[in-house]
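Visitor: Below you will find the structure I want to go over with you.
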Amino acid sequence: MKKRKSVLALTAALLLLPALRSFAQEEAPEQLMKDVAYNEVQDRGRQSCWIYHVERKAEGHTLSELQIESTDGPVYRLLAVDGQPLTAEQSRAEDNRLASLLAHPEQQRKIAQAHEQDEERLQRLTALLPTAFTYTEVSHDAKSIRLLFAPNPDFHPPTYEARAFASLSGSIEIDAAQKRLMHLDGSLIHPVDFGFGLIGRIEQGGSFSIARTPVSDTHWKTSRVAVHVNGRIILFKSISKQQDEMRSDFHPLPDHTTLKDAVRLLDEKEANPAAMHSTP
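Counted from 1, the sequence shown has number 111 at position 126 by our numbering; the numbering is strictly sequential.
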């Protein structure tokens, strides 16, 4: 009888082992977000060049663009407006705009500086993820982990930018295997005042949404960005940030692709629409 009980106990232990191992491997949300933030920052720090399609909303219109991330920053060519190909006049305007960009180094420097500032801002905000919010896990399977997040009352934002970001509440979805950000959807559930409202204010209801997708074994890219924020700054100047952008059809380019190379490639793609969706 003792031998039979021992066999049954051993069998039960073996059956429970995978579940126990899985439980032991699960991380606390805070540690998970530290790993996610680290992976995102490391990926953004690697130099890489890409070509992809962009569809964005602007002033009541839908603009379709072909964009390249070069070593000197991003450059794009407008392809269509509201689903309609460019007219001959619009196409010439794009030719002139890109030619002017190549002919004016100061414009190129402005693009490069703006791109660098955007990347630095994203890295700063990504680095805040582990400490700016509290997290609650709501689902976890082999593919993804979904968390709810809310402002951390113990977090002291170092800048106005960090304060606005840290005031979001919402949900975040993480790739379980790679510990990479898949989706983040947040909104401001209350207004954010700066300097007791004297310096500025961001209105309640503002929203921020981002989606990331794997484009290679080592790289993830942003496939959707939606930002809708309203408020005011000093002297009652109103501010409005309205961005709604989808990105798709990512293809890698040589890591040394310059802005000049990018403009040449955009011109080639525009001249040959059949190659628009092919790998360069």
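We treat Cβ as the ideally placed atom computed from N, Cα and C, and that holds for glycine.
From 55, 120, 228, pick the residue whose C-alpha is nearest to that of residue 44; which is it?
Guide: 228
Visitor: Start and end of the alpha helix (DSSP H) containing residue 95?
Guide: 90 to 117 is the span of the alpha helix (DSSP H), which, as asked, contains residue 95.
Visitor: Kindly list the residues whose CB is nearer than 7 Å to the CB of residue 110, restricted to its own chain and excluding five residues on each side of it in sequence; keep chain order.
Guide: Taken in chain order, the residues that qualify are 150.
Visitor: Start and end of the alpha helix (DSSP H) containing residue 21?
Guide: In the DSSP assignment, residue 21 falls within the unbroken alpha helix (DSSP H) covering 14 to 29.
Visitor: So residue 134 is in the beta strand (DSSP E); what residue range does that whole segment cover?
Guide: 129 to 136
Visitor: Suppose you measure from the CA of residue 9 to the CA of residue 137; what does that come to, to the nearest Å?
Guide: For residue 9, the predicted structure reports a pLDDT of 38, less than 50, and the residue's modelled location is therefore unreliable. A value from the coordinates is still provided. Going by the C-alpha atoms only, they are around 26 Å apart.
Visitor: Pull up the distance between the alpha-carbon of residue 236 and that of residue 180, whole angstroms please.
Guide: Residue 236 and residue 180 have their C-alpha atoms spaced approximately 45 Å apart.
Visitor: Tell me the start and end of each unbroken beta strand (DSSP E) in the region 149 to 186 that is at least 3 residues and wholly inside, in chain order.
Guide: 153 to 160, 165 to 173, 177 to 179
Visitor: Which class does residue 201 belong to by DSSP, given the choice of helix, strand or coil?
Guide: coil
Visitor: Go ahead and label residue 187 buried or exposed: buried means 16 or more other beta carbons lie within 10 angstroms of its beta carbon, across all protein chains shown.
Guide: buried
Visitor: Consult DSSP for residue 208 and reduce its assignment to one of helix, strand or coil.
Guide: strand
Visitor: Identify the residues that DSSP records as bridge partners of residue 85: which are they?
Guide: Answer is none; residue 85 lacks a bridge partner.
Visitor: Count the other C-beta atoms from every protein chain shown that fall within 10 angstroms of the C-beta of residue 255, then say buried if there are 16 or more, exposed otherwise.
Guide: Looking at its Cβ environment, which holds 16 or more other Cβ atoms inside 10 Å, residue 255 is buried.
Visitor: For the beta strand (DSSP E) that residue 58 lies in, which residues bound it at each end?
Guide: 58 to 66
Visitor: Along the chain, where does the beta strand (DSSP E) containing residue 51 start, and where does it finish?
Guide: 46 to 55
Visitor: The ligand ZN heavy atoms versus the CB of residue 217: any closer than 6 Å?
Guide: Judged by which ligands are present, the structure shown has none, so any question about the ligand ZN falls away.
Visitor: Could you compute how far the alpha carbon of residue 165 sits from the alpha carbon of residue 81?
Guide: 40 Å
Visitor: Using the rule of at least 16 other Cβ atoms within 10 Å of the residue's Cβ for burial, across every protein chain shown, is residue 60 buried or exposed?
Guide: buried
Visitor: What does the alpha-carbon distance come out to for the pair residue 33 and residue 207?
Guide: 14 Å
Visitor: Throw me the rounded Cβ distance for the residue 115 and residue 19 pair, which I believe falls under 8 Å.
Guide: 4 Å
Visitor: Would you tell me roughly how many angstroms separate the C-alpha atoms of residue 77 and residue 66, rounded to the nearest one?
Guide: Taking the straight line from one Cα to the other gives about 15 Å.
Visitor: Beta strand (DSSP E) containing residue 40: first to last residue?
Guide: 34 to 43
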